[in-house]
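First the structure, in the form of structure tokens, and then the observations on it.
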Amino acid sequence: MTAASRSCAGSAGQTRGARQKPKLGVVVAIDETLFHCGKAIHRAQLWASEFHLDWRNLPTSGRMKAAVLGWSEAQASEADTHHAHAVRHGLY
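Each residue of the sequence shown is one higher than the one before, starting from 1 at the first, in UniProt numbering.
So this is what it looks like as structure tokens:
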């Protein structure tokens with residue numbers, strides 16, 4: 001993690017305009033990359049719409065956390081509300 005303005009400068013303005021700069025960045029060092037089998041990618045048919053999931057049928061991040069952590073429905077809803085606010089107002 002870094003808050004160094006020089007490290008974060010390359011991401012400035014990529015989503016909301018050049019005047020906004022990230023508050024924090026993640027520094028990643030890659031030692032090795034692996035490629036997946038081309039046949040598996042072809043067989044997965046990721047581009048075929050009949051295999052796409054409808055995101056509206058997927059659980060929210062709050063519900064997923066609740067399932068793992070044993071939270072109540074109220075805690076799941078609170079987590080979803082916090083997440084929605086953080087995404088809209090706290091990324092930059």
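Ideal Cβ positions, reconstructed from N, Cα and C, are used throughout, including at glycine.
Since the model is a prediction, treat every value here as computed from it, not as a measurement.
Please confirm if the region 20-34 is in contact with the region 49-64, defined as three or more CB-CB distances below 8 Å between the two stretches. Segment contact: the region 20-34 against the region 49-64, fewer than three CB-CB distances shorter than 8 Å; contact not assigned.
Cα-Cα, which of Ala84, His85, Arg63 is closest to Gln75? The option with the nearest alpha carbon to Gln75 is Arg63.
Taking just the CA atoms, how far does Ala9 sit from Lys65? If you take the alpha carbons of Lys65 and Ala9, they lie about 32 Å apart.
Rounded Cβ spacing between Ser61 and His83 (contact assumed at less than 8 Å): By a beta-carbon distance limit of 8 Å, Ser61 contacts His83. Their separation comes to about 5 Å.
Met1 to Leu91 span [Cα, whole Å]: Roughly 15 Å separates the two Cα atoms.
Within 10 angstroms of its Cβ, does Pro22 collect 16 or more other Cβ (buried), or is it exposed? Label assigned to Pro22: buried.
Could you tell me which residues DSSP pairs with Gly25 in its beta bridges? In the DSSP output, where bridge partners are listed per residue, Gly25 has Thr2.
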